[in-house]
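Residue numbers (the numbering used here), protein chains in the order written: chain A, 30 to 463; chain B, -9 to 92.
Where is the CB? At the ideal position from N, CA and C, for every residue including glycine.
Computed from a prediction, not measured in an experiment: that's the story for all the values here.
What follows is a short report on a single structure.
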């Protein structure tokens, strides 16, 4: 086999592969041995017929066709190795007739990984933005702990937002009741985010025993299309108003919600945990900073197919996000007032960025000989198992032959870690994001 | 009988091809052909020297045809098989060549 390489573009090559007569003959022999086992010829048991007899009955082309099936992938793989290519897609192949008496030639066009001139990737200047855990944050955590142990106390005053009220309500649109618009003795937390706008605020200000009519508007993107954008009139009767009474934040609370004996210990523990979270966040952020830097400093042509695939992935993510909200992708596009083509165009820059990041990271991983060791894989499986709450064996089984993406993920993580380890890190403190 | 009426067709099978290695060649021949006739016919057609002719009348096999309640019996054709031994070193091209075309 001899293969000549034509670069069609920086990310696309054409391979012209000439199959040698010897290779062809060997492949034909193998093909014949395979085919003859299935051949039914009078006077011969399956697999016992001589080649001449077989060819007379089935035609010599049967064998050469079968041989091509075998020879094409092998010579293609050889040619790829010979020219040190890294295809990122399946090749488009075409058979060209060979010279007189010679086996046919093969033309393969395939997208390949571009050559990347790696710039400086060691000693990247990164900034560790470690957010300082403030007393307020600790207080806030304590508050939410207290909220878990809050008790409801009936009050005589008018309801305000944040209270819990027991109400009857009946909603009408243009004078007619609608489905799901009425309930009796419903306990509702008066929280504007939980209901359609106007509902909770309408109840606020009412006292127990009062009846009132309020108006609320369904938002335009309400999931029930028949109601979206409509104005409803609710007749509301308030039976009871309760206030959320938080327990005092003291040693008693500390004992109730944790293993700690005093409030001070609990505070220290919460602080430690928040700091660990901030640490981890800062570390993750360093990684993405490093990747962003590399994406900015490297310029190389991107294989179109990878970008298309990434856009496809992003579209798939959007679709499954829409599915979680209970709508189809089409509905989502309608409410967002976009066509799929527009969405694709919008995703393109991000897809390009992602593909670029992946390619750069893979190039660095290769240059630094970063690999996933069996121990890494074991560790990754264990953490997957924890994540899904399944035994490790089950996870491995479910994964089947799909360990390659797993390994790629490990190499990627290790590469990012490598970059961070070899970076010049400047420390900076920032206020906690609220 | 003309030579080409005596010899009907070569018999090509695993067995006949194995025997051909020992210069014995099998043919389906006219049922009433004699060994002498077969010898002359083979020598005339293939220009070889025949040392020995063995013949056997092969009775056709019974075949059952059971189709939807209807049962019929039939049989395959009877034929005469001749195995001719050639002089050492001579051969008839067997396998894929049609012997009876010029």
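Between residue 184 (chain A) and residue 271 (chain A), the beta carbon gap of about 7 Å places them in contact (Cβ cut-off 8 Å).
Cβ neighbours of residue 47 (chain A) within its own chain (closer than 6 Å, five residues either side excluded): 31, 134. By the beta-carbon neighbour count (other beta carbons within 10 angstroms, threshold 16), residue 27 (chain B) is buried. In this structure, DSSP gives residue 192 (chain A) a state outside helix and strand, which the three-state scheme calls coil.
None of the residues of the stretch 23 to 34 of chain B has a beta carbon lying less than 8 Å from any beta carbon of chain A.
Cβ neighbours of residue 50 (chain A) within its own chain (closer than 7 Å, five residues either side excluded): 131, 132. At a cut-off of 9 Å, the C-beta of residue 7 (chain B) has a neighbouring C-beta in chain A.
For residue 173 (chain A), the enclosing alpha helix (DSSP H) covers residues 164 to 177. Contact between the stretch 320 to 327 of chain A and the stretch 134 to 143 of chain A is absent, with fewer than three C-beta pairs closer than 8 Å. Taking 9 Å as the CB threshold, residue 403 (chain A) stays off the interface with chain B. Taking the Cα positions, residue 263 (chain A) is about 6 Å away from residue 201 (chain A). Straight-line measurement puts the Cα of residue 436 (chain A) at about 41 Å from the Cα of residue 67 (chain A).
Using a CB distance cut-off of 9 Å, residue 73 (chain B) does not count as an interface residue toward chain A. Using a CB distance cut-off of 9 Å, residue 2 (chain B) counts as an interface residue toward chain A. Around the CB of residue 173 (chain A), fewer than 16 other CB atoms lie within 10 Å, so the residue is classed as exposed. Chain-order list of chain B residues neighbouring residue 72 (chain A): 2, 3, 4, by C-beta distance under 7 Å. For residue 82 (chain A), the nearest beta carbon of chain B is closer than 9 Å to its own beta carbon. Between residue 4 (chain B) and residue 72 (chain A), the gap from beta carbon to beta carbon is short of 9 Å.
Distance from residue 25 (chain B) to residue 43 (chain B) at the Cβ level is roughly 4 Å; contact confirmed, criterion being Cβ atoms closer than 8 Å. Relative to the Cα of residue 70 (chain B), the nearest Cα in the group B:6, B:19, B:41 belongs to B:19. For residue 154 (chain A), the enclosing beta strand (DSSP E) begins and ends at 154 to 161.
The secondary-structure analysis by DSSP pairs residue 453 (chain A) across a beta bridge with A:154. Residue 367 (chain A) and residue 357 (chain A) have their C-alpha atoms some 14 Å from each other. The C-beta distance from residue 117 (chain A) to residue 335 (chain A) rounds to 6 Å, short enough to meet the 8 Å contact threshold. In the three-state reduction of the DSSP assignment, residue 134 (chain A) falls in the strand class. Around residue 96 (chain A), the same chain offers 56, 57, 60 as residues with beta carbons nearer than 6 Å, after the five sequence neighbours per side are excluded. For residue 309 (chain A), no beta strand (DSSP E) segment is defined; the enclosing uninterrupted segment is the alpha helix (DSSP H) at 292 to 326. For the pair residue 406 (chain A) and residue 439 (chain A), the CB atoms are nearer than the 9 Å cut-off.
Using a Cβ distance threshold of 9 Å, residue 181 (chain A) and residue 273 (chain A) count as a contacting pair. Between residue 158 (chain A) and residue 458 (chain A), the gap from beta carbon to beta carbon is short of 9 Å.
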